[in-house]
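Counting from 1 along the sequence shown, just add 2 to a position and that's the residue number in my numbering. Heads up, the beta-carbon is just placed ideally off N, CA and C, and yes, glycines get one too. Read through the structure below, which is laid out as structure tokens, and then see the notes.
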Amino acid sequence: MTTPLYTPLAAAAAALRQDGYALLQPQDVAALADVPLAALNALIPSWDTLELDNYLKDGGRYRRRRHSCFVQTGQQLSQTAHRAHWQPLEYNALHGGMHRLFEPVLPATVAQPAWAALITAIGQLCSAARGHSAPWYVEAHQFRIDTTDGIGRPTPEGAHRDGVDFVAVLLIARDGIKGGETRVFEADGPNGKRFTMTEPWTLLLLDDATVIHESTPIQPLAAHGHRDTLVLTWRAGAFQGQETST
């Protein structure tokens, strides 16, 4: 298991600009959001409420999720009407081109102060890295990858970009598994990093234009093994698919 090399919080925006990614340790994520770690931990039980992802083209039943959309302007976060998740085939060769309508993030989850504090704080870090002050179109995905099928695939589409400006992957839990190594590669170069996130609220923040990413499959070490993550994306201008559907 490869140990992560963390980015100092004060250097996160510069790391995003220079390297295409920043990796923050949990206490720095709490400091960034200006909430105690206990407030973030209060969100964790909601991962036990996720619904089965019925869109997996590999026929797997190893992924559960919820999905909701928001618009961020500065420190303000507004939830939109529930909408389908859509990606073009060029960014997701496995599930692109499909309007996938998932169950929304529970209202009780969104209502917790730590939810908006976390999303807006990371979004402002993205703004600092990009010098962008217009609204961000944010998608939030709660994921549980389990070992129901003997193996679970966090990124069944393989190494990829998401077609947005920034992607955040926050580890929520690892329970009874091995694997799940995170890999980040230059989109147009030979260099890459690999490490395993093990601590809840570890944050990997990616500049989606300059790097591609993936997580390796997980295998069980115990019954009901699973890996939980919160994946957030920020995109300027509109949600993906909104330009062509409106």
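CA nearest to the CA of residue i, picked from the options
{"i": "Leu25", "options": "Pro38, Ala118, Gly243, Asp209", "result": "Asp209"}
{"i": "Gln144", "options": "Glu53, Thr5, Gln242", "result": "Glu53"}
{"i": "Gly22", "options": "Phe187, Phe197, Arg237, Ala238", "result": "Phe187"}
{"i": "Tyr64", "options": "Gly152, Asp164, Trp203", "result": "Gly152"}
{"i": "Arg237", "options": "Trp203, Arg132, Lys195, Ala113", "result": "Arg132"}
Beta-carbon proximity list for residue i, same chain, < 7 Å, skipping 5 on both sides
{"i": "Leu223", "result": "Gly178, Ile179, Lys180"}
{"i": "Arg176", "result": "Gly182, Thr200, Arg229"}
{"i": "Gln244", "result": "none"}
{"i": "Thr111", "result": "Leu45, Ser48, Trp117"}
{"i": "Ser135", "result": "Ser129"}
{"i": "Pro28", "result": "Leu39, Glu201, Pro202, Trp203, Thr204"}
{"i": "Thr82", "result": "Cys71, Phe72, Val73"}
Residue i versus residue j - alpha carbon distance
{"i": "Gln20", "j": "Leu39", "result": "29 Å"}
{"i": "Asp55", "j": "Val37", "result": "31 Å"}
{"i": "Phe104", "j": "Pro192", "result": "36 Å"}
{"i": "His162", "j": "Thr235", "result": "14 Å"}
{"i": "Ala41", "j": "Arg67", "result": "21 Å"}
{"i": "Ala15", "j": "Arg185", "result": "20 Å"}
{"i": "Thr246", "j": "Ala240", "result": "Its pLDDT being 44, under 50, Thr246 is placed unreliably in this model, and the coordinates cannot settle the point."}
{"i": "Val169", "j": "Ala189", "result": "14 Å"}
{"i": "Phe72", "j": "Thr4", "result": "34 Å"}
{"i": "Pro10", "j": "Thr212", "result": "21 Å"}
{"i": "Gly160", "j": "Leu206", "result": "17 Å"}
{"i": "Arg146", "j": "Thr231", "result": "7 Å"}
{"i": "Leu18", "j": "Asp30", "result": "16 Å"}
{"i": "Gly194", "j": "Gly76", "result": "32 Å"}
Own chain partners of residue i with C-beta closer than 8 Å, once the 5 adjacent residues on each side are dropped
{"i": "Thr157", "result": "His215, Glu216, Ser217"}
{"i": "Phe197", "result": "Thr4, Thr5, Pro6, Leu7, Leu25, Glu183, Thr184"}
{"i": "Asp50", "result": "none"}
Test item: CB-CB of residue i and residue j under 8 Å
{"i": "Tyr57", "j": "Arg102", "result": "yes"}
{"i": "Gln242", "j": "Thr149", "result": "no"}
{"i": "Leu120", "j": "Ala35", "result": "yes"}
{"i": "Trp138", "j": "Gln78", "result": "no"}
Residue i Cβ short of 7 Å to the ligand GTP heavy atom set
{"i": "Gln126", "result": "Among the components modelled here there is no ligand, and therefore nothing to report on the ligand GTP."}
Quiz prompt | Entirely enclosed beta strand (DSSP E) segments - the stretch 203-240, minimum 3 residues | solution = Runs of the beta strand (DSSP E) inside the stretch 203-240: 205-209, 213-217, 220-222, 228-238.
Practice problem: Counting only runs of 4+ residues fully inside the stretch 101-173, write out the alpha helix (DSSP H) ranges in chain order. | Solution: Whole alpha helix (DSSP H) segments, 4+ residues: 109-112, 115-132.
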